[in-house]
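K.L.:
Pasting in a structure now, in structure tokens, and then I'll have a few things to ask.
2 protein chains.
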Amino acid sequence: MMGMEASASLLRLPKYLAYLKIRQRQGVTSISSTKIAEDLRQSPVQVRKDLALASSAGRPKTGYPMDTLIADLERFLGYHNTNDAFLIGAGHLGRALLSYQAFGEYGVSILAAFDTDKSLHGTEVDGKPVLPVTKLPDLARRMRVQIGILAVPETEAQSMCDLMTSCGIRAIWNFTVQHLEIPEGVIVRDENLAASFAILSKQLSVTIENETLKGGRES
Amino acid sequence: MMGMEASASLLRLPKYLAYLKIRQRQGVTSISSTKIAEDLRQSPVQVRKDLALASSAGRPKTGYPMDTLIADLERFLGYHNTNDAFLIGAGHLGRALLSYQAFGEYGVSILAAFDTDKSLHGTEVDGKPVLPVTKLPDLARRMRVQIGILAVPETEAQSMCDLMTSCGIRAIWNFTVQHLEIPEGVIVRDENLAASFAILSKQLSVTIENETLKGGRES
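Structure (structure tokens):
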């Protein structure tokens, strides 16, 4: 169990992280808890205790290597959450994805769905809530969800994509055939099912042509 | 409009095709309408007229090149139908696929769905009927559908795959994570959505790790 004291430490960690990122951008490559304490006006003992929750990279003389400390803090704070996704669009396809069992086997999961259709709000699919799209920004930030799944009609694809990237979503799994315009640093994975079907169809027709040329598939 | 006569020709074409395939396997590489007429006890004029519906490859002295004539007949009879598919499993995912608009843009389409769930029989999704699985063999043969889409629970995947291949389906688009055992000559395209999601998740985590090493994504 985490005591009151550790919980207070936890609340201070994002402050350290913001501070460290500024220092890192200034070119600082390692930093001591004494220096951090001085800049943030806290006791060095407190700082060491707080940081020890997330990182064991501190060394007596040199302090913390900056990159490692930042990475440790981000990981600890869940900034590296790359397994959870929000789904936009709870139509046929969205609902199919919400109830797709195999995601768990790969350690990935959809936490909730968002839709503009009011009649769906408050409903659940396979235990996952369907919420108003207006709730997306706040929840994405609070839950640090960085993957968005886009399963909306083509006409809404770009606007919903924009909404997602504006609230910190950095990877988009795109089930629409719409080409998405995205800010730098955002990853898109296009899942074009129609193209996939067309490839299979083409493979089959090539196989059939080859068989005809070879004189039938029977030996 | 196709007259009565042409329609009678049409009914004879499969007989020619069966005969030609036997000859082809015997090593015959070209054949005249006279020879076909002789073997099938029809008039040469009739044979020429019938074949002219499907092929323009006949030459006065040499007759028809065997491969070309067979390919022409198969194409004409729709044996090369590689654009239409039947769907097995009309659950969430199946229904999503039935109403997926973009297939048309790629010239492929799902004609009907089959399910073991009686409560779905007679219903439609986006104008496409949901039928009993028992109707699959007859319809697949009659409509010459050679592509099957598998969107059933894992436990039914192999048995439904077996059913499909037993009735002439030669290409399977597999949405289950089940590895399918298939007869030789059948093509399988695995559409593992869970693996696709996992790849995106991994790409994101690699990006984040790289950014951390480089000192944040801000410039």
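The listed protein sequences correspond, in order, to chains A and B. Counting from 1, one number per residue, gives the positions in the first sequence under our numbering. Counting from 1001, one number per residue, gives the positions in the second sequence under our numbering. Ideal Cβ placement from N, Cα and C applies to all residues, glycine included.
Taking 8 Å as the threshold, find out whether the stretch 1117-1127 of chain B comes into contact with the stretch 1055-1068 of chain B through three or more Cβ pairs.
P.N.:
no
K.L.:
Determine the chain E residues that contact A:T82 at a beta-carbon separation under 8 Å, and present them in chain order.
P.N.:
The question asks about chain E, but that chain is absent: this structure's protein chains are A and B.
K.L.:
Quick check on this structure: which residue in B:E1154, B:V1177, B:I1149, B:T1176 has the alpha carbon closest to the alpha carbon of B:R1170?
P.N.:
For the purposes of this step, residue 1170 of chain B is taken as the residue at position 170 of the second sequence. Among B:E1154, B:V1177, B:I1149, B:T1176, the Cα nearest to that of B:R1170 belongs to B:I1149.
K.L.:
Does the beta carbon of A:S33 fall short of 7 Å from some heavy atom of the ligand PLP?
P.N.:
Judged by which ligands are present, the structure shown has none, so any question about the ligand PLP falls away.
K.L.:
Along the beta strand (DSSP E) that carries A:A85, what are the first and last residues, could you check?
P.N.:
Along the first sequence, one-based indexing puts residue 85 of chain A at 85. Looking at the DSSP string, the run of the beta strand (DSSP E) that includes A:A85 is 84-88.
K.L.:
From B:P1183 to A:I110, what does the alpha carbon distance come to, in whole angstroms?
P.N.:
Locating residue 1183 of chain B in the second sequence gives position 183, where the first residue counts as 1. Locating residue 110 of chain A in the first sequence gives position 110, where the first residue counts as 1. Cα to Cα, B:P1183 sits roughly 36 Å from A:I110.
K.L.:
Closest to B:C1161 by CA distance: which of B:V1108, B:R1144, B:R1189, B:R1142 is it?
P.N.:
The residue you call residue 1161 of chain B lines up with position 161 of the second sequence. The shortest Cα separation from B:C1161 among B:V1108, B:R1144, B:R1189, B:R1142 belongs to B:R1189.
K.L.:
8 Å is my cut-off, CB to CB: does B:T1102 come that close to chain A?
P.N.:
One-based indexing of the second sequence puts residue 1102 of chain B at position 102. The amino acid at residue 1102 of chain B is misidentified as Thr; the sequence shows Ala. Answer yes: the Cβ-Cβ gap between B:A1102 and chain A drops below 8 Å somewhere.
K.L.:
Please report the straight-line C-alpha distance between B:V1152 and B:Y1106, rounded to a whole angstrom.
P.N.:
Mapped onto the second sequence, residue 1152 of chain B falls at position 152. Mapped onto the second sequence, residue 1106 of chain B falls at position 106. Near 24 Å, if we compare the C-alpha coordinates of B:Y1106 and B:V1152.
K.L.:
Mind reading off the beta-carbon distance from A:L136 to A:F114? Whole number of angstroms is fine, and I expect it under 8 Å.
P.N.:
The sequence position of residue 136 of chain A within the first sequence is 136, counting from 1. The sequence position of residue 114 of chain A within the first sequence is 114, counting from 1. Contact flag correct, Cβ pair sits at about 5 Å.
K.L.:
For B:S1166, which residues from the same chain have a beta carbon less than 8 Å from its beta carbon, with the 5 sequence-adjacent residues on both sides left out?
P.N.:
Position 166 of the second sequence holds residue 1166 of chain B. Contacts found: P1137.
K.L.:
Closer than 9 Å between beta carbons: that is the criterion. Which residues of the stretch 1135-1152 of chain B meet it against chain A?
P.N.:
Q1146, I1147, I1149, A1151
K.L.:
Considering A:P129, what are the terminal residues of the beta strand (DSSP E) in which it resides?
P.N.:
Your numbering for residue 129 of chain A matches position 129 in the first sequence. Unbroken beta strand (DSSP E) run through A:P129: 128-132.
K.L.:
Within a Cβ cutoff of 6 Å, which residues of the same chain sit near B:V1108, ignoring the five residues on either side of it in sequence?
P.N.:
For the purposes of this step, residue 1108 of chain B is identified with residue 108 of the second sequence, where counting begins at 1. Apart from the 5 residues on each side of it in sequence, B:V1108 sits with its Cβ closer than 6 Å to the Cβ of N1083 in its chain, given in chain order.
K.L.:
Could you check where the alpha helix (DSSP H) with A:F114 kicks off and where it finishes?
P.N.:
For this step, residue 114 of chain A is matched to residue 114 along the first sequence. Per DSSP, A:F114 belongs to no alpha helix (DSSP H); it is in the beta strand (DSSP E), 109-115.
K.L.:
Starting from B:I1187, find everything on chain A with Cβ-Cβ shorter than 8 Å and list it in chain order.
P.N.:
On the second sequence, position 187 is the one that residue 1187 of chain B refers to. Simply L200, Q203, L204, T207.
K.L.:
In terms of residues, what are the limits of the beta strand (DSSP E) holding A:I70?
P.N.:
Reading the first sequence from its first residue, position 70 is the one you call residue 70 of chain A. Where A:I70 is concerned, there is no enclosing beta strand (DSSP E), although the alpha helix (DSSP H) it sits in stretches over 66-76.
K.L.:
On a Cα-Cα basis, can you pick out the residue from B:M1164, B:T1155, B:V1145 that is closest to B:T1134?
P.N.:
Sequence index remark: in the second sequence, residue 1134 of chain B carries index 134 (1-based). Checked all of B:M1164, B:T1155, B:V1145; the closest Cα to B:T1134 is B:M1164.
K.L.:
Hey, could you find the ends of the alpha helix (DSSP H) A:A142 is sitting in?
P.N.:
In the first sequence, the residue the question calls residue 142 of chain A occupies position 142. Rather than Ala, the amino acid found at residue 142 of chain A in this sequence is Arg. Element bounds for A:R142: 136-143.
K.L.:
Would the beta-carbon of B:I1172 fall within 8 Å of that of A:L204?
P.N.:
Reading the second sequence from its first residue, position 172 is the one you call residue 1172 of chain B. Reading the first sequence from its first residue, position 204 is the one you call residue 204 of chain A. Not closer than 8 Å, so no.
K.L.:
Nearest chain A C-beta to B:E1271 closer than 8 Å, yes or no?
P.N.:
Lying outside 1001 to 1219, the shown extent of chain B, residue 1271 of chain B is not represented and no answer is given.
K.L.:
Opposite B:G1063 in the DSSP bridges: which residues?
P.N.:
The sequence position of residue 1063 of chain B within the second sequence is 63, counting from 1. Looking at the DSSP assignment, B:G1063 forms a beta bridge with B:R1059.
K.L.:
Please report how far the alpha carbon of B:S960 lies from the alpha carbon of A:I208, in whole angstroms.
P.N.:
Outside the displayed span of chain B (1001 to 1219) sits residue 960 of chain B, for which this structure offers no information.
K.L.:
Taking only beta-carbon atoms, is B:L1093 less than 8 Å away from chain A?
P.N.:
Stepping through the second sequence from its first residue, residue 1093 of chain B is reached at position 93. Contact of B:L1093 with chain A is assigned, a C-beta pair being separated by under 8 Å.
K.L.:
What is the rounded straight-line gap between the Cα of B:K1061 and the Cα of B:G1078?
P.N.:
For this step, residue 1061 of chain B is matched to residue 61 along the second sequence. For this step, residue 1078 of chain B is matched to residue 78 along the second sequence. Rounded to the nearest angstrom, the two C-alpha atoms are 29 Å apart.
K.L.:
List, in chain order, every chain A residue whose beta-carbon is nearer than 7 Å to that of B:F1197.
P.N.:
Here residue 1197 of chain B refers to the residue found at position 197 when the second sequence is read from its first residue. Those within 7 Å of B:F1197 in chain A are F103, Y106, V108, W173.
K.L.:
Have a look at B:Q1158 and B:D1117 and give me their C-alpha separation to the nearest angstrom.
P.N.:
Counted from its first residue, the second sequence places residue 1158 of chain B at position 158. Counted from its first residue, the second sequence places residue 1117 of chain B at position 117. Computed Cα separation, rounded: 18 Å.
K.L.:
Strictly below 8 Å CB to CB, what residues from chain B border A:V177?
P.N.:
Start at 1 with the first residue of the first sequence, and residue 177 of chain A comes out as number 177. By Cβ distance, chain B contributes A1102, E1105.
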